[in-house]
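S.K.:
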Amino acid sequence: MPGKDVKIVGFLCNWCAYAGADMAGMARMEQPAGMRIIRVPCSGRVDPLLVLKAFQEGADGVLVSGCHPGDCHYGSGNYLARRRLELLGRMLPALGIEPERFHYTWVSASEGARWAEIVNTFTEAIKDVDEGS
Amino acid sequence: MLGVFICQCGTNISATVDTGAVAAAAAGMRGVAHAESIQYTCSDPGQAAIGAAVREKRLDRIVIAACSPRMHEATFRRALERAGLNPYMMEMVNIREQCSWIHADTGEATMKAVDLVRKAVARIRAHVPLQGGKTAAVRRALVIGGGIAGIRAALDISAAGIPVTLVEKSPSIGGNMARLDKTFPTLDCSSCILTPLMVEIKQHDHIELMTNAEVDDVRGLVGDFQIDIRRRSTCVDEEKCTGCMICQEKCPAPAPDDFNAGLCQSKAISVAFPQAVPLVASLRKQYCRRFNGGKCRLCQKLCPAGAVDYGQEDEVVSRSFGAVVAATGYGHYDWTGSYPTFGKGLYPDVITSAQYERLLSASGPTGGLIRRPSDGAEPRQVAFVSCVGSRDESAGRPQCCSVGCMYTAKQAILTKEHIPDSQSYIFYIDMRAGGKNYEEFVRRAQTRYGAIFIRGRVGRIFPRRGKLVVMGTDTLAGDQVEIEADLVVLAAGLTAAPGAGELARKLNIACDETGFMAEEHPKLRPVEAAAAGVFLAGACQGPKDIPATVAQAGAAAAKVIGLLSRGELETSPMVSAVNPSRCAGCFKCRDVCPFGAIDKDRLADGLVTARVIESLCRGCGICNAACPPGAISLNGYTDKQLLAELVEVLR
Amino acid sequence: MEELIPIIKKALEQVDVVLGWAQSPAAGVAVPAFFHTPAEADAAVFDSTCAHNLAVYLPRLADKKVGIVAKGCDARSIAQLIAEGAVKRSGVFVIGASCPGMIDVKKAWRCFGFGKQVCDAAGKVAMEGKTVAREEILLWKCRGCRDPEPVICDVTVGEASSEAPAPPAEPAGIRKRFAAMTVAERRQFWQDQFSRCIRCYACREACPLCVCRDVCTIQAHEPGWAGAAVDSPQSWMAQLIRVNHLAGRCTGCEECERACPVGIPLMLLLEEQNDVVEELFGYRAGGEAKPPFLTFDIKNDTWDEER
Amino acid sequence: MRFIPEENITALLLRLSENATVWAPQVVRDTVNTVLFAPWREGAEIETGLYSALPVKGLVLPATERLFSFRYHRAGEREKIEIEVDELRERAAVFAARACDAKALVTLDALFLDGSGRSYNDQHYRARRGALTVITLACTSCDSACFCSSFEDGAAATAGSDLIFYPVSGGFLAEAVSATGRELAALDLFQESNLEKPPLAETAKVELARLGQRLLDKFDDIDFWRRTAEGCLSCGYCSYACPACHCFNIFDEMESDRAGGRYRCWDACMFYAYTLESSGHNPRPEAAHRYRNRLAHKFSYFPLNRGEFLCTGCGRCIRGCPAGRDVRDVIKALGAG
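Protein chains in written order, with our numbering: chain B, 74 to 206; chain Y, -15 to 635; chain F, 4 to 310; chain P, 14 to 350.
This is the structure:
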């Protein structure tokens, strides 16, 4: 069904990824309309439960993005996030959620193009899963 | 009661998002008593409209759909405050950067905008008024780096009566500027304008100078940084040394002369340079015979002041500071690795402009006579190569060093002044002479001093019959050029100072992709670093010339004075808070907190719970995500608020 | 195991209470018992029905000095509680009991009926003439047990067990079926399983590492991670909260699954999580180190970015 | 008395299925021994030996029940709320209930369905109860957790049932208790029989006579309750598994920006949150306080107020307790003390 909207929740840290998404906007980089960004101060603020809750509430995909390792505004938040989220990602198949529906990645404030690319690729990946199942 | 304002942002938003339709949809949302679309919400009339609606409809919380909150959140918070509301009873919806600007289809973009507004309306129901606290600020500033930027900043801050500690890594302040001969475009002597400032630092009542010192550890935050400064052992008692240099004279162990860019040798114990401040000797253990198995104690024996102490150890000094200025300057790009066709540094007469600066200087190794390193001969033909390690993608260095064009022109002029029958050739890509009187200066080098400017890159440099052949293209003439020169001067690019990255990490501030420290906003917050209370001065933030450095140092000083003059700081209320009745006392929050902001609290009934030290909390929310019972919440980003957003956006 | 009783009596000289087991006449198996006096300790037993992990009581008795009879797996829970600071090492006196592997009492009841006394000897479990091969009736965790001897212990009782029960050659029963399922089938599987959850929270209360207890967020009205409605999606979410909070902390004692009155195979989730944590971080809960989600050193965080 | 041959049971259940969901005890797939009342479909095996983990009370008082839907709508400047009560349309029949479970339904009826009109009459409970047919299978055997014989009638209780089946050779004797039961027993699947009722199970007995007063006497002896409750994990299984426990909580859930539902769900007095006040104060902070309340409610307050125990001796709280607690030990200890 081509008309089906893919709804993605994105948890983006205020300092890097959210600013990167803004940057993509400033550069007028067109993106799929299904992304819904929730701003958080740090990717370390993203409790894996937020991701699971998103799936439970019907999200087709969840994306978490923060500063690149080493660049965390708070020093170590993204390292902590990485540990939690990596585990979460690997748990998903056992929970009955296709792992392709979840992605975490790092985007800096200047990487607008990278952000737009991520949204595009991720949306496509989810569409593939939806069609495959 | 809720008010929703949809900004048209001129046509920035309204061209793609039907703002009227979004306002109409918002008006139908639960609890929304007022919804309107405004042309420019951030403008005076826009903010006035918010105030009017607050009064008329007795709104107690406001949703504003406009640009990114990173742009105008602070603006609208102030607007709310003026309207008599708590500034945190506001939620921004980003329908510009993250909606109108990235979607082409009006229907789709409008639907998304409505979704986003709904999400914010759901979230703001969970908002509570927040009140920032006040905390005492330590009235002392730390300036890191004793170059012209640090010197200027230290003097300006102390002029306002705020004590300053100036920390310099090397044995003397002065930095790169002290090594320069003359400065463009006025050709005044660098030392002549710098040394008086250096002396003023030394003599200033409010400035504590620490040389041979580095920042070891940084704790705390704006208003109260606790900083450990390591003073390296120099084996010389600074209080006793008179700078007589007898030790340097008699010392048998050679050591590189850092001040003279490695053009000559100094001694293991030495004074950095004759105008050094403080004028004291320091011993470099790695070159000293005594510290390398020898028995030499000459310096100690000969020192008339008895200042030499081989047992001296590193000393760590801890101080509290209200603010920090980073002024670590720049380093020189090591070109030898990336330009194999320039001889990899094996030809002694291919030197960098920094070295040439020392050859020009009266205080340099040649006493101001230009003598080429290989044979000491006076060069007749001097070739200057611009942009070595600048504006060169193939070397992985696309950035402009911003001063190369100007100092190369300056060095050509000075060459002619030193050796009137010399000829200078300047290979350049573009002449960048944007400053005041700069273009005139470059023209003077061309017309009055006869320097020949060749537009093009140099491909190869190789020796031939006692000369160096510089081969390049003249892109204006479309020809290959070959210059036979006695001396080749490379305008090597500028890098972040060695160790700047490590310092940035300690200060918890970011560096950009070129390694220079990053400012908070390129236009609006050019001297503020990402961490509150840390400011940037001079070339540590990016290559710049002396006037720009001094201007930025002044700006950083003004920011420090502004911050510390009142003696207290307003703290952000967006910090974590513990609900003790929900706390299980497991202290996972304390384990994950990067700032040590969690303490134990014993309640009256003996229960042990976590407590947030608000002055240390920086609002990252890592504890919030780690707290199993949800007892600790980050104000402004509580679980309740995020879940409200999440659930609403998926309906 | 008669030598247990004098050891408990001796321990009572220095602790306020000793946690152990006594025979329940009704259930025909051992049940947790609290021994305050030497006289009470005469009732102490230790046999292969002592499956309960008594470490669950330790955080509730944090203000007392407590003796505890612990099997190898129980000791891991105690060690984990100590590593996390929930229990003080000086506050517990661990009586390490050599464990022969515990039988799944539910299976025994299925075979023999509730309340019939179980006889476990010579590789067989028997009652009133019926016998079952011991390995068929063992708890899953006991098969291929990695810690038959306690990692933390003040005194031991019983001879070191000769050999841990052999691990099963391959996943059996529900584990086998689950492993073969597609992701979509698993989604349905869990939906079915949690449709019978009644939210009694026996899983949580029986878990020694669920230290929040009274203030557990699952039951909190706010922020509402899981709805209060007893339906499959909300109950599933409620369990995911527990699983998530046990990341890097679960010692795999299987108490949640044993406690579940409606037989939801909770260990499928926790075993998977424990395996991933061990694979990613080389960490197994129940030692001296804190969980990898609580401590790390950025400088030594040797994670490969690209994997 | 009427008799139904074993081979007619399926036909009976199919007949019942025509206008009702038939609930029968079945072993849950993949579990060791979990028995639950679940919708019966032809071919499904009914488990009458093992005890079900949960009683049949869920059919009249579901674990979660939507009471009504609400919707905000704008009336001028104000928000108003519209309410719509969901009607129950489905009938249910339970097969092979136990006498102890059926008897507890009568206790619940008295609470939720006060026929006198003086007290509470719950429309949702009324709808479900009215739509429920109870066919009980009398117990001829029992296990060591059962103690229904401590109460009046014991295994022979007929209250709450519509029809009672007594296992006899070749089938079941059927005793109709209500009009619905009589209608069913009149079906052609049944025949007349003069077989004798089998002897019913004689279960464990505990002395309940002075218990109510003993509980009140011991109320303030908190150390006694601490000792009593010290193995208790404070989970909610015993309450949820109890056929007579009936506490509930009410909450609203938003389903969209403007609409939602009000729900009722089981609650258990063994939970800390049960008595937690919004101030943060909790009058029953320890498991001991909660354990005391649970017992005293069952064996003291409720009998004082209503003249009957809030317990039928089904033994689920003993059989399924994750900590192996046995309420009879406490009753004995109280009697002895």
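Idealized CB from N, CA, C, for every residue including glycine.
So with Cβ pairs under 8 Å, would you call K96(Y) a contact of chain B?
M.R.: Judged by the 8 Å Cβ criterion, K96(Y) is in contact with chain B.
S.K.: What did DSSP end up calling S337(Y) once you bin it into helix, strand or coil?
M.R.: helix
S.K.: At a Cβ cut of 7 Å, what residues of the stretch 179 to 197 of chain B count as close to chain F, listed as they run along the chain?
M.R.: none
S.K.: With 8 Å as the limit, tell me which residues of the stretch 561 to 589 of chain Y have their beta carbon closer than that to any beta carbon of chain F; keep them in chain order.
M.R.: S565, R566, C567, A568, C570, F571, K572, D575, V576
S.K.: Buried or exposed: which applies to A187(F), given that a residue is buried once 16 or more other Cβ atoms fall within 10 Å of its Cβ?
M.R.: Exposed, because fewer than 16 other Cβ atoms sit within 10 Å of the Cβ of A187(F).
S.K.: Per DSSP, what kind of secondary structure is E90(P) in: helix, strand or coil?
M.R.: Coil, per DSSP.
S.K.: Going by other Cβ atoms of all chains shown within 10 Å of its Cβ, with 16 needed for buried, is E197(B) buried or exposed?
M.R.: The residue in question, E197(B), is exposed, as its Cβ has fewer than 16 Cβ neighbours within 10 Å.
S.K.: Within its chain, find whatever has a CB closer than 7 Å to the CB of Y138(P); leave out the 5 residues flanking it on each side and keep chain order.
M.R.: V73, L74, F125, L126
S.K.: In whole angstroms, what separates the C-alpha of N608(Y) from that of D589(Y)?
M.R.: So the alpha carbons of these two residues sit roughly 25 Å apart.
S.K.: Looking at the secondary structure, which residues open and close the beta strand (DSSP E) in which E40(Y) lies?
M.R.: Taken as a continuous stretch (DSSP letters only), E40(Y) belongs to no beta strand (DSSP E), being part of the alpha helix (DSSP H) at 28 to 41.
S.K.: When burial is assigned at 16 or more other CB atoms within 10 Å of the CB, is G249(P) buried or exposed?
M.R.: buried
S.K.: Less than 8 Å between CB atoms is the rule here; does I199(B) satisfy it with respect to chain F?
M.R.: no
S.K.: Shortest alpha-carbon distance to F81(P) belongs to which of E100(P), L67(P), K70(P)?
M.R.: E100(P)
S.K.: Taking only beta-carbon positions, decide if M270(F) is within less than 8 Å of chain B.
M.R.: Not one beta carbon of chain B lies nearer than 8 Å to the beta carbon of M270(F).
S.K.: Taking A78(F) as the reference, give the member of P295(F), E282(F), C253(F) with the closest Cα.
M.R.: C253(F)
S.K.: Put D140(Y) into one of helix, strand or coil per three-state DSSP.
M.R.: Look at D140(Y) here: in three-state DSSP terms it is helix.
S.K.: Scan the stretch 192 to 213 of chain F for residues whose Cβ lies nearer than 7 Å to a Cβ of chain P and list them as they occur along the chain.
M.R.: R199, I201, C203, Y204, A205, E208, A209
S.K.: Using a Cβ-Cβ cut-off of 7 Å (strictly less than) and excluding sequence neighbours within five positions of L356(P), which residues of its own chain qualify?
M.R.: In the structure displayed, chain P extends from 14 to 350; residue 356(P) sits before or after that span and is not available.
S.K.: Hey, could you find the ends of the alpha helix (DSSP H) Q249(Y) is sitting in?
M.R.: Q249(Y) -> not in any alpha helix (DSSP H); beta strand (DSSP E) instead, spanning 249 to 251.
S.K.: Taking the beta strand (DSSP E) that V148(Y) falls in, what are its first and last residues?
M.R.: 148 to 151
S.K.: Grab me the residues of G76(B)'s own chain with a C-beta within less than 7 Å of its C-beta, minus the 5 sequence neighbours each way, in chain order.
M.R.: With a pLDDT of 43 at G76(B), under the threshold of 50, the modelled position of this residue cannot be trusted, and the question is left open.
S.K.: Got a sec: is the Cβ-Cβ distance from R157(B) to anything in chain F below 8 Å?
M.R.: For R157(B), a Cβ of chain F is located within less than 8 Å of the residue's own Cβ.
S.K.: Mapping the DSSP letters down to three states, classify K528(Y) as helix, strand or coil.
M.R.: coil
S.K.: With 16 as the cutoff for other CB atoms within 10 Å, does T350(Y) come out buried or exposed?
M.R.: buried
S.K.: So, with DSSP's three-state summary, where would you put C371(Y)?
M.R.: strand
S.K.: Round the Cβ separation of L139(Y) and E184(Y) to the nearest angstrom and send it over; I've been treating them as touching at under 8 Å.
M.R.: In this structure, L139(Y) and E184(Y) form a Cβ contact; the two beta carbons are roughly 6 Å apart against a cut-off of 8 Å.
S.K.: Just to confirm the assignment, what range does the alpha helix (DSSP H) spanning S175(Y) have?
M.R.: 174 to 187
S.K.: How about G31(F) and S101(F): are their beta carbons less than 8 Å apart?
M.R.: no
S.K.: Where G167(P) and T193(P) are concerned, what is the direct C-alpha to C-alpha distance, given to the nearest angstrom?
M.R.: Annotation: G167(P) to T193(P) spans about 23 Å, alpha carbon to alpha carbon.
S.K.: Short of 8 Å Cβ to Cβ, which residues in the stretch 41 to 54 of chain P face chain F?
M.R.: Those residues of the stretch 41 to 54 of chain P that come within reach of chain F (Cβ to Cβ, closer than 8 Å) are V41, D43, T44, V45, N46, T47, L49.
S.K.: Please go through the stretch 148 to 192 of chain P and give each complete beta strand (DSSP E) segment of 3 or more residues, from N-terminal end onward.
M.R.: 176 to 181, 184 to 189
S.K.: With I397(Y) and S370(Y) assumed to form a contact (beta carbons below 8 Å), what rounded beta-carbon distance in angstroms separates them?
M.R.: The pair is not a contact, with the Cβ atoms about 15 Å apart (cut-off 8 Å).
S.K.: List the residues of chain P whose Cβ lies closer than 9 Å to the Cβ of G614(Y), in chain order.
M.R.: Ordered by position in chain P, no residue passes the 9 Å Cβ test against G614(Y), which lies about 14 Å from the chain.
S.K.: Does A88(P) pass the burial test, meaning 16 or more other C-beta atoms within 10 Å, or should it be called exposed?
M.R.: exposed
S.K.: If you draw a straight line from the C-alpha of T178(B) to the C-alpha of G83(B), how long is it?
M.R.: 11 Å
S.K.: Would you call the CB atoms of K70(P) and P256(P) closer than 8 Å?
M.R.: yes
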